[in-house]
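K.L.:
2 protein chains.
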Amino acid sequence: MKERPLILISNDDGIEAAGILSLAAAMDGLGDIIVVAPLHEQSAVGHAITMRDPVRARPWPFRVPSGQVTAFAVTGTPADCVKLAMDKLVPRKPDLVISGINHGPNTAVNIIYSGTVSAATEASILGIPAIAFSYCKWGGGDFEASGRVARQIAQRVLKGGLTPGILLNVNIPDLPFDDIKGVMITRQARSKWEESFAERKDPYNRTYYWLSGTFVNLDTGENTDVFAVENGFVSVTPIHHDLTAYSALDSLEKWNWDITE
Amino acid sequence: MKERPLILISNDDGIEAAGILSLAAAMDGLGDIIVVAPLHEQSAVGHAITMRDPVRARPWPFRVPSGQVTAFAVTGTPADCVKLAMDKLVPRKPDLVISGINHGPNTAVNIIYSGTVSAATEASILGIPAIAFSYCKWGGGDFEASGRVARQIAQRVLKGGLTPGILLNVNIPDLPFDDIKGVMITRQARSKWEESFAERKDPYNRTYYWLSGTFVNLDTGENTDVFAVENGFVSVTPIHHDLTAYSALDSLEKWNWDITE
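Protein sequences, first through last, are from chains A and B. Residues in the first sequence are numbered from 0 upward in steps of one, following numbering that gives the first Met the number 0. Residues in the second sequence are numbered from 0 upward in steps of one, following numbering that gives the first Met the number 0.
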């Protein structure tokens, strides 16, 4: 008899966030669930890993509608959570690793800053099908529609698998489920942040800076993640961790690389 | 009269690291230099940015052979350094942003964990030519050959520019300059880390874990970054921050995406 699928769940908003509670609840019945997530919020940590300090894993009470599931809160980053889970905490190799639901979009350049995406990326490096889910409302809100979408997409990946090394970055628009227009397969939009650090004085009259900025979409393509969610679609972007810019290889080959000149 | 090029220098090993001192010295005479680097070591922070706390920038004494250069130590990540420098610290838009020299390789999957690479990536997002330099000896050592290579490559990029959004990830083998076989244009090797967390007890008999692992190259290609440095070549990999796995778009389009079923 085939074992039930094992689904490992993580996030970057922390184990007590509404988004991960909704994600785990949405998976209820699809397989065995184990939650390994950061003890504290870890937004914008990118693919950070903890090398110079120890990490700890604390068993954590975590309920889905059908009952209690195994869960650990980890004193580390999302990537740490997946690495530690795979080495020490899971009872067997997971069939699927999912991350989220993030309290805000992870489209365009935001992907590279995202701890939510990094947890899923870490799983894909280890050869496990993985999905990052984000709800496109800053600060979160009602995850009901996002949970239903996540369940639908998780079922498809459990059935169809993914090419090793490729994961799905899913962004769900801020709409009631019945108003979502469907799923669009997209690419990452080109974009940047225009920084404007707040410059202030502390109570001791010393200057400090606080990061803020404006998101600038540089991409008018109708097949991008940004376009999809702005137009009411769920965006599904296949991503990977091969950063090679293949298009640039040929022209660079033509440069003069004689460094002994 | 055209202004001298402005070269912004950062790293992840911290402003006092031997690698960034060597890199700045190697640029001496190529243009005006400004150093904006982390106050403390920030290895393996990936593309983390600091959003929930302020950051500070402290003027820092920093010498290259021809004299003193402007420098700031920042209480943040490499990506923070570049963002803050661009918004508040540089006198004009830099012509080149370079990061390193990293004390250890940034080949294969290590790219995604690397703070050194993230500083250069941040610049490329902002449309500035950027290069990350790494010396392929863990913990660093004699940066003389790496500095000479860095100068050669920086001169070429100052002259030829780079396609916007593309940066160079350069790995320099641990060899005397005269023994380096040349430059190879490469792609990122497929690889992973096989984690084995050390599991220990603290003085209060509580369990903690400490990340360690073994690097596993999964890629026998002779055009990879790993192959190049193992065979005595400088590896130059064009990379970008578009994580879209274009090869997967078509097959995903063929799935049944009717989520209302």
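Virtual Cβ for every residue (Gly too), placed ideally from N, Cα, C.
1) Between A:Glu121 and the rest of its own chain, which residues show a CB-CB distance below 7 Å, the 5 nearest in sequence each way excluded?
2) Looking at the secondary structure, which residues open and close the alpha helix (DSSP H) in which B:Glu143 lies?
3) Using a Cβ-Cβ cutoff of 9 Å, what residues of the region 202–215 of chain B are near chain A? List them in chain order.
4) Under a three-way DSSP split, which group does B:Glu2 fall into?
5) Does the beta-carbon of B:Met50 have 16 or more other beta-carbons within 10 angstroms, so that it is buried, or is it exposed?
6) What does a CB cutoff of less than 7 Å around B:Thr115 pick up in its chain, not counting 5 residues either side in sequence?
7) Evaluate B:Trp137 with the Cβ neighbour count: other Cβ atoms within 10 Å of its Cβ, from every protein chain shown; 16 or more gives buried, anything less gives exposed.
8) Who are B:Lys200's beta bridge partners in DSSP?
9) Helix, strand or coil for A:Gly66? Go by DSSP, reduced to three states.
10) Taking B:Thr185 as the reference, give the member of B:Arg199, B:Leu167, B:Ser211 and B:Thr236 with the closest Cα.
11) Quick one: which chain A residues come within Cβ less than 9 Å of B:Lys82?
12) Candidates B:Trp256, B:Ile110, B:Asp141 and B:Asp86: which alpha carbon is nearest B:Val225's?
13) Curious, which full-length beta strand (DSSP E) runs of at least 3 residues does the region 169–250 of chain B contain?
14) Interface residues of chain A around B:Arg186 at Cβ under 8 Å?
15) Could you tell me which chain B residues have their CB closer than 8 Å to the CB of A:Glu143, listed as they occur along the chain?
16) Give a yes or no on contact between the region 233–249 of chain A and the region 140–151 of chain B, applying the rule of three or more CB pairs nearer than 8 Å.
17) By the three-class DSSP mapping on this structure, what secondary structure does B:Ile48 have?
18) Counting only C-beta atoms, is A:Thr69 closer than 8 Å to chain B at any point?
19) Grouping DSSP H, G and I as helix and E and B as strand, with all else coil, what is A:Val89?
20) Flag this pair as touching only if the region 56–67 of chain B and the region 20–31 of chain B have three or more C-beta atom pairs under 8 Å; answer yes or no.
21) Put B:Gly114 into one of helix, strand or coil per three-state DSSP.
22) Can you round the beta-carbon distance between A:Val35 and A:Leu95 to whole angstroms, since I take them to be within the 8 Å contact cut?
23) Taking only beta-carbon positions, decide if B:Glu229 is within less than 8 Å of chain A.
24) Could you tell me whether any Cβ in chain A is nearer than 8 Å to the Cβ of B:Leu5?
25) Are the Cβ atoms of A:Ser234 and A:Ala244 separated by less than 8 Å?
26) Mind checking whether A:Ile127 and A:His240 have CB atoms under 8 Å apart?
27) Is it true that the region 208–217 of chain B meets the region 191–199 of chain B, where meeting means three or more beta-carbon pairs spaced less than 8 Å apart?
28) Tell me the DSSP secondary structure of A:Ala129 in three-state form.
29) Please name the residue in B:Gly13, B:Ala118, B:Ile179 and B:Leu161 whose C-alpha comes closest to that of B:Cys135.
30) Since B:Lys180 meets chain C, which of its residues come closer than 9 Å, beta carbon to beta carbon?
31) Anything in chain B within Cβ reach of A:Arg91, meaning under 7 Å, just list it in chain order.
32) Give the straight-line distance between the Cα atoms of B:Ile8 and B:Ile32, rounded to the nearest whole angstrom.
P.N.:
Reading it off the structure:
1) For this step, residue 121 of chain A is matched to residue 122 along the first sequence. These residues qualify, in order along the chain: Ala78, Val81 and Lys82.
2) Numbered from 1 along the second sequence, position 144 holds the residue referred to as residue 143 of chain B. Per DSSP, B:Glu143 belongs to the alpha helix (DSSP H) from Glu143 to Gly159.
3) Flagged, chain order: Arg205, Thr206, Tyr207, Tyr208, Trp209, Leu210, Ser211 and Gly212.
4) For this step, residue 2 of chain B is matched to residue 3 along the second sequence. DSSP places B:Glu2 in coil when its eight states are reduced to three.
5) The residue labelled residue 50 of chain B in the question sits at position 51 within the second sequence. Under this definition B:Met50 is an exposed residue.
6) Within the second sequence, numbered from 1, the residue matching residue 115 of chain B stands at position 116. Here the set comprises Asn10, Asp11, Pro77, Ser98, Gly99, Asn101, Asn105, Ala131 and Ser133.
7) Within the second sequence, numbered from 1, the residue matching residue 137 of chain B stands at position 138. It counts as exposed.
8) As a position in the second sequence, residue 200 of chain B is number 201, starting the count at 1. BP columns for B:Lys200 point to B:Thr206.
9) By 1-based counting over the first sequence, the position of residue 66 of chain A is 67. In the three-state DSSP reduction, A:Gly66 falls in the strand class (E or B).
10) The residue labelled residue 185 of chain B in the question sits at position 186 within the second sequence. Ranking B:Arg199, B:Leu167, B:Ser211 and B:Thr236 by Cα distance to B:Thr185 puts B:Thr236 first.
11) Translated into the one-based positions of the second sequence, residue 82 of chain B becomes position 83. Correct list: Trp192, Glu194, Phe196, Leu210 and Gly212.
12) The residue you call residue 225 of chain B lines up with position 226 of the second sequence. Selected option, being the one with the closest Cα: B:Ile110.
13) 181–184, 190–194, 197–200, 206–209, 212–216 and 232–238
14) One-based indexing of the second sequence puts residue 186 of chain B at position 187. Under the 8 Å cutoff, chain A gives Asp241, Thr243, Tyr245 and Leu248.
15) Counted from its first residue, the first sequence places residue 143 of chain A at position 144. Per Cβ cutoff of 8 Å: no residues; A:Glu143 is ~14 Å from chain B at best.
16) no
17) One-based indexing of the second sequence puts residue 48 of chain B at position 49. The answer is coil: DSSP assigns B:Ile48 none of H, G, I, E or B.
18) The count along the first sequence starts at 1 and reaches residue 69 of chain A at position 70. False, the Cβ-Cβ gap to chain B never drops below 8 Å.
19) As a first step, residue 89 of chain A must be located in the first sequence, where it is residue number 90. A:Val89 falls in the coil class under three-state DSSP.
20) The region 56–67 of chain B is in contact with the region 20–31 of chain B.
21) Numbered from its first residue, the second sequence carries residue 114 of chain B at position 115. Helix at B:Gly114.
22) Position 36 of the first sequence, counted from the first residue, corresponds to residue 35 of chain A. Position 96 of the first sequence, counted from the first residue, corresponds to residue 95 of chain A. The Cβ separation is near 14 Å, so there is no contact.
23) Taking the second sequence and counting its residues from 1, the one referred to as residue 229 of chain B is at position 230. No, its Cβ sits nowhere closer than 8 Å to a Cβ of chain A.
24) Residue 5 of chain B sits at position 6 when you count from the first residue of the second sequence. So no, B:Leu5 is outside the interface.
25) In the first sequence, counting from the first residue as 1, residue 234 of chain A sits at position 235. In the first sequence, counting from the first residue as 1, residue 244 of chain A sits at position 245. No, Cβ-Cβ distance for A:Ser234 and A:Ala244 is not below 8 Å.
26) Mapped onto the first sequence, residue 127 of chain A falls at position 128. Mapped onto the first sequence, residue 240 of chain A falls at position 241. No.
27) yes
28) For the purposes of this step, residue 129 of chain A is taken as residue 130 along the first sequence, with counting starting at 1. The answer is strand: DSSP assigns A:Ala129 an E or B state.
29) Locating residue 135 of chain B in the second sequence gives position 136, counting from the first residue. Nearest option by C-alpha distance: B:Ile179.
30) In the structure shown, chain C does not exist; the protein chains are A and B.
31) Translated into the one-based positions of the first sequence, residue 91 of chain A becomes position 92. By Cβ distance, chain B contributes nothing, its closest Cβ being about 16 Å from A:Arg91, past 7 Å.
32) Position 9 of the second sequence holds residue 8 of chain B. Position 33 of the second sequence holds residue 32 of chain B. Answer to the nearest angstrom: the Cα atoms are 7 Å apart.
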